[in-house]
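Those letters in the sequence shown? Residues 1 to 162, by UniProt numbering.
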Amino acid sequence: MRSHLIWEAPKKPLTKILVERSPLEAMDLYRQDESHKPEAGGIILGYRRGAHLHVTQVTVPQVEDRRHRHEFYRSALHHQQVAQKEWHASGQTMDYLGDWHTHPELHPSPSGLDLNEWKKICRKRTHPMLFMILGIRGDIWVGLSISREIICCVTSESELSF
């Protein structure tokens, strides 16, 4: 199993995104690797460290979420409660970093609906926001909003010290 993954945004300012093992494992449980599995998703939590993002936790699908093979609608209530609880527990340092969900594709990429929903989120936020889509196997599409533009990030082999 991967211990962590690092991506970087190919635009200035250089932003690196570290995703720890625990959120990777949580998201991997919901990959649509069988035809009966519906889309799944949640929110991404972690820390903003200067220009960098450090992902330490994700929420997973809840009963109130609507899940179908090609659609996922996140109900805000539970996910927001988890975010607020973690924010208080961290001394108000953990932050909502973005959203994640699955797609039933080998090489996932955002749909028009995904991009529209993310743009709504970005209009309400002043900080860069992170978006992740997990494919049916190992591929993960990672996007970052920079100046309200969502750019695709690339896997980085470099080390990132936090």
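Every residue, glycine too, gets a C-beta built ideally from N, C-alpha and C.
Bear in mind the structure is a predicted one, so any value in this text is a computation, not a measurement.
**Request:** Could you check if VAL19 is buried or exposed, using at least 16 other CB atoms within 10 Å of its CB as the buried criterion?
**Result:** In the sequence shown, counting from the first residue as 1, residue 19 sits at position 19. Buried is the call here.
**Request:** Identify which residue in GLY91, ASP139, ARG125 and LYS37 has its Cα closest to the Cα of GLY98.
**Result:** Position 98 of the sequence shown, counted from the start, is the residue given in the question as residue 98. It is ARG125.
**Prompt:** In the DSSP assignment, what residue or residues form a beta bridge with GLY46?
**Reply:** Numbered from its first residue, the sequence shown carries residue 46 at position 46. VAL55 and ASP95, per the DSSP bridge assignment.
**Request:** Answer with buried or exposed for ARG123, where buried requires no fewer than 16 other C-beta atoms within 10 angstroms of its C-beta.
**Result:** The residue you call residue 123 lines up with position 123 of the sequence shown. With fewer than 16 Cβ atoms within 10 Å of its Cβ, ARG123 is classed as exposed.
**Prompt:** Around the Cβ of PRO58, are there at least 16 other Cβ atoms within 10 angstroms (buried) or fewer (exposed)?
**Reply:** Numbered from its first residue, the sequence shown carries residue 58 at position 58. The question names Pro, yet the displayed sequence has Val at residue 58. Answer is buried; the Cβ neighbour count reaches 16.
**Asked** Does the pairing of the segment 14-28 with the segment 39-59 give three or more beta-carbon distances under 8 Å?
**Response** yes
**Prompt:** At which residues does the alpha helix (DSSP H) containing ILE121 begin and terminate?
**Reply:** Stepping through the sequence shown from its first residue, residue 121 is reached at position 121. It spans 112-124 - the alpha helix (DSSP H) in which ILE121 sits, taken as one unbroken run.
**Asked** Residues in its own chain within less than 7 Å of LYS11 by CB, not counting five upstream and five downstream?
**Response** The sequence position of residue 11 within the sequence shown is 11, counting from 1. So the qualifying residues of the chain are ILE146 and ILE151.
**Request:** State the CB to CB distance for the pair ARG67 and PRO110, rounded to an integer number of angstroms; the pair is presumed to be in contact (CB under 8 Å).
**Result:** Within the sequence shown, residue 67 is the residue found at index 67, counting from 1. Within the sequence shown, residue 110 is the residue found at index 110, counting from 1. No, ARG67 and PRO110 are not in contact; Cβ-Cβ is about 18 Å, not under 8 Å.
**Prompt:** With GLY135 and PRO108 assumed to form a contact (beta carbons below 8 Å), what rounded beta-carbon distance in angstroms separates them?
**Reply:** Start at 1 with the first residue of the sequence shown, and residue 135 comes out as number 135. Start at 1 with the first residue of the sequence shown, and residue 108 comes out as number 108. About 4 Å separates the two Cβ atoms, so the contact holds.
**Item:** Residue range of the unbroken alpha helix (DSSP H) whose run includes ARG21
**Value:** For the purposes of this step, residue 21 is taken as the residue at position 21 of the sequence shown. 21-28 is the extent of the alpha helix (DSSP H) around ARG21.
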